[in-house]
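Numbering (this note's numbering) for the sequence shown: 154 to 313.
All C-beta atoms in this analysis are idealised placements derived from N, C-alpha and C, irrespective of residue type, glycine included.
Computed from a prediction, not measured in an experiment: that's the story for all the values here.
The structure under discussion appears below in the form of structure tokens.
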Amino acid sequence: MEITEAVAKTFRMDDEAWRRHANPWSVWTRFAAIPLMLLAVWSRTWIGWWCLVPVAAVVVWLFLNPSAFPPVEPRSWAARGIYGERVWAQDKASVPPDHRRVLRVLVVLGLAGFGLITWGLVMLDFWPTLFGAVVVIMAQLWRIDRFGWLWERAEEQATA
154 MEITEAVAKT FRMDDEAWRR HANPWSVWTR FAAIPLMLLA VWSRTWIGWW CLVPVAAVVV
214 WLFLNPSAFP PVEPRSWAAR GIYGERVWAQ DKASVPPDHR RVLRVLVVLG LAGFGLITWG
274 LVMLDFWPTL FGAVVVIMAQ LWRIDRFGWL WERAEEQATA
């Protein structure tokens, strides 16, 4: 089982769950969780181990988020991106090679950004934390955009 399938299974991603996950409110509130998580971890300098309370709150929110919003059709940019992610998760062989290459690069960029975030949070160094967050967010936005292209391509093929 691949990582994508394991994550989808963990979050019980059936058709209804994917449609809820594609709700723009769901997408944008997941992005909003990034700075909240960074602040929660950084708060250890002010509140010590109590920082685990806001960390846990963000983790719980991220777990509940895919089912917190009503299902939507792929009309918005964010929804098309999530529908494209579903196409990719269900059949990677249908993804054109150029998309696969770009998606791999974006995963590497995201991991590099995550590494900077980790370093910045461990060392309590603001700039690597901020730069890492920007890299992670930009890579994820670009990834959603690529998935949107993938969804549009799948739709064109379905109607052809």
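It is roughly 30 Å from the alpha-carbon of Glu238 to the alpha-carbon of Leu274.
Per DSSP, Leu277 is not a residue of any alpha helix (DSSP H), being assigned neither H nor E. Rounded to the nearest whole angstrom, the C-alpha separation of Val213 and Val206 is 10 Å.
In this model, Leu269 and Trp241 are separated by some 27 Å (Cα to Cα).
In the structure shown, Ser229 falls within a coil segment according to DSSP collapsed to helix, strand and coil. With the rule of 3 Cβ pairs closer than 8 Å, the region 185–196 does not count as touching the region 225–238.
An exposed status is given to Ile200, since fewer than 16 other beta-carbon atoms sit within 10 Å of its beta-carbon.
Non-local beta-carbon contacts of Arg296 in its own chain, meaning distances under 6 Å to residues more than five positions away in sequence, involve Leu259 in chain order. Residues Gly301 of the same chain have their beta carbon placed closer than 7 Å to that of Trp230, with the five preceding and five following residues left out of the count. In this structure, Asn176 and Pro250 do not form a Cβ contact; the two beta carbons are roughly 31 Å apart against a cut-off of 8 Å.
According to the DSSP assignment, Val213 belongs to the alpha helix (DSSP H) that extends over 205–217. Ranking Trp181, Glu305, Arg197 by CA distance to the CA of Asn218 puts Trp181 first. Leu256 places its beta carbon 9 Å or farther from that of Val288.
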